[in-house]
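Residue numbers (the working numbering): 790 to 1230.
By construction, the Cβ of each residue, glycine as well, lies at the ideal position given by its N, Cα and C atoms.
Quick caveat: nothing in here was measured; it's all calculated off a predicted structure.
Have a look at the structure below, then the notes.
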């Protein structure tokens, strides 16, 4: 049944409200992408409502504490104290919002297929409560066609017309957690609207929040651009990981090779090897791209090959450690005490999403080793059925080997080097220390 919009406002009026900071903004999903955007909205002077189904996270934000390790509590406290940021698990107040940005997760299923249930649930909740002439922006990374296939039907289910009764656009997140140089404001924002009016309204919002807004022809262009950005890194990382495997065979230092290649002032962009690819974008979005291409009956052979290389790296780390133990201590991995240092997927974050350390720990267990870990940001974790607790570095001399997976700045590396028998440095973090007990990937 058609429900006629009653709010007397058109696109021009909404743009005026946005530019004058009178618009109320809602951010659905308060994680690594949504919470920084909510804080940027509050910082710009907007009354901002964060919405999340996790009530514990909502309580933390309202209490002025941070549920995201890369975000300082002081920023949240300031926004909450100023009355510009509030969080809720109740989606009914959406009817009082002018602009809603959806930042929910888009993980993979157990079959490595796109899992869009969070986007679909968010859009249903928005559709049930949306006020007329409001702007809805999908920011969650997804496949080309997601905005048109998942968001649009839900919002049109009330009989409203896009570009007239409500406005819908796609503007992918480009958040790099922990990056001290680039944040929400100084990272260019892609915006693709379902209609030209939708694009103009969405651009009006982001022009108040970021320094550079880049309008594109359609949501599909922005959706695919996001996947291309992440897959570009994924493929190049796989290449240098494969080079690392070759360097291991040739007895060369892969970091020296990359450093030498980087002296070329054109046509080379350095990427670096590691123990695997972690996080919620780089190892995930290429599979969204693969799935999208498979729908078009076009297999992406390069992406599939890159995935195979990157997935092998944790196994290579364990293989190399086994070789080092045989060569230096005349012993096997079985029964060896191994300390993994740094388990989050990225330095200085407490984020375990797709962290390669988890697979390394699991492989060590399978090979009969006795692994433990040290990470000042991750007090406990679960590997298979085993619950592990972070151990201190005071007993590091008791371990047969140390594997440095994630080099947090807070780790005491002088102590680690001084007391360790053998360190396998998977990130080249100890390259300048000149320690004979350190071996690089």
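Look up residue 1200 in the DSSP assignment and say whether it is helix, strand or coil.
Looking up residue 1200 in the chain shown gives position 411. Of the three classes helix, strand and coil, the one that applies to residue 1200 here is coil, per DSSP.
I think residue 990 touches residue 803, with their Cβ atoms under 8 Å apart; what is that distance to the nearest whole Å?
Taking the first residue of the chain shown as position 1, residue 990 is located at position 201. Taking the first residue of the chain shown as position 1, residue 803 is located at position 14. Sure, about 6 Å apart at Cβ, within 8 Å.
Since residue 888 contacts residue 994 with CB under 8 Å, what's their CB separation in whole angstroms?
Here residue 888 corresponds to residue number 99 of the chain shown, with the count starting at 1. Here residue 994 corresponds to residue number 205 of the chain shown, with the count starting at 1. Confirmed, Cβ separation roughly 5 Å.
So, helix, strand or coil for residue 1226, using DSSP?
Here residue 1226 refers to the residue found at position 437 when the chain shown is read from its first residue. Coil at residue 1226, not helix or strand.
Considering only DSSP beta bridges, list what residue 1161 is partnered with.
Position 372 of the chain shown, counted from the first residue, corresponds to residue 1161. Residue 1161 pairs with 1128.
Does the region 1178-1186 touch the region 1155-1167, meaning 3 or more C-beta pairs lie closer than 8 Å?
yes
Whole runs of the alpha helix (DSSP H) within the region 804-866, excluding any shorter than 4 residues
823-832 and 844-851
Hey, out of 872, 967, 1220 and 996, whose CA is closest to residue 1048's CA?
On the chain shown, position 259 is the one that residue 1048 refers to. That would be 1220, whose Cα lies nearest to the Cα of residue 1048.
May I have a chain-ordered list of the alpha helix (DSSP H) segments no shorter than 4 residues that lie completely inside the region 1044-1087?
1074-1084
Residue 1035: which of 1189, 1109, 1212 and 955 sits nearest, CA to CA?
The count along the chain shown starts at 1 and reaches residue 1035 at position 246. Of the candidates 1189, 1109, 1212 and 955, the one whose C-alpha sits nearest the C-alpha of residue 1035 is 1109.
Could you check how far apart the C-beta atoms of residue 865 and residue 858 are, in whole angstroms? I think they sit under 8 Å.
Position 76 of the chain shown holds residue 865. Position 69 of the chain shown holds residue 858. Not confirmed; about 13 Å, so no contact.
Is the beta carbon of residue 1129 within less than 7 Å of some heavy atom of the ligand ZN?
The model depicted lacks the ligand ZN and carries no ligand whatsoever.
Outcome for residue 881 when other beta-carbon atoms lying within 10 angstroms are tallied against a minimum of 16:
One-based indexing of the chain shown puts residue 881 at position 92. That one is exposed.
Expected contact under 8 Å - CB spacing of residue 930 and residue 961 to nearest Å
Translated into the one-based positions of the chain shown, residue 930 becomes position 141. Translated into the one-based positions of the chain shown, residue 961 becomes position 172. Confirmed, about 6 Å.
Give every residue of the same chain whose Cβ lies closer than 7 Å to the Cβ of residue 1199, excluding the five residues on either side of it in the sequence, and list them in chain order.
On the chain shown, residue 1199 is found 410 positions in, with the first residue counted as 1. Closer than 7 Å at Cβ, skipping near neighbours: 1165.
For residue 877, the three-state DSSP class (helix, strand or coil)
As a working note, residue 877 is residue 88 in the chain shown. Reduced to three states, the DSSP call for residue 877 is strand.
To the nearest angstrom, how far is it from the Cα of residue 1018 to the Cα of residue 1011?
Numbered from its first residue, the chain shown carries residue 1018 at position 229. Numbered from its first residue, the chain shown carries residue 1011 at position 222. Rounded to whole angstroms, residue 1018 to residue 1011 spans 11 Å at the Cα level.
Three-state secondary structure assigned by DSSP to residue 1111
As a first step, residue 1111 must be located in the chain shown, where it is residue number 322. Residue state, collapsed to three classes: helix.
Just how far apart, CA to CA, sit residue 921 and residue 838?
Counting from 1 along the chain shown, the entry for residue 921 is found at position 132. Counting from 1 along the chain shown, the entry for residue 838 is found at position 49. Those two C-alpha atoms are separated by around 18 Å.
Residue 964 to residue 1116, Cα distance in whole Å?
Taking the chain shown and counting its residues from 1, the one referred to as residue 964 is at position 175. Taking the chain shown and counting its residues from 1, the one referred to as residue 1116 is at position 327. Each residue's alpha carbon lies about 43 Å from the other.
For residue 888, which three-state DSSP category applies?
For the purposes of this step, residue 888 is taken as residue 99 along the chain shown, with counting starting at 1. Of the three classes helix, strand and coil, the one that applies to residue 888 here is strand, per DSSP.
Cβ-based neighbour list, residue 815, same chain, cut-off 8 Å, excluding 5 preceding and 5 following:
Numbered from 1 along the chain shown, position 26 holds the residue referred to as residue 815. Counting only Cβ-Cβ distances below 8 Å, and skipping sequence neighbours, we find 837, 838, 839, 840, 882, 883, 886, 888, 889 and 890.
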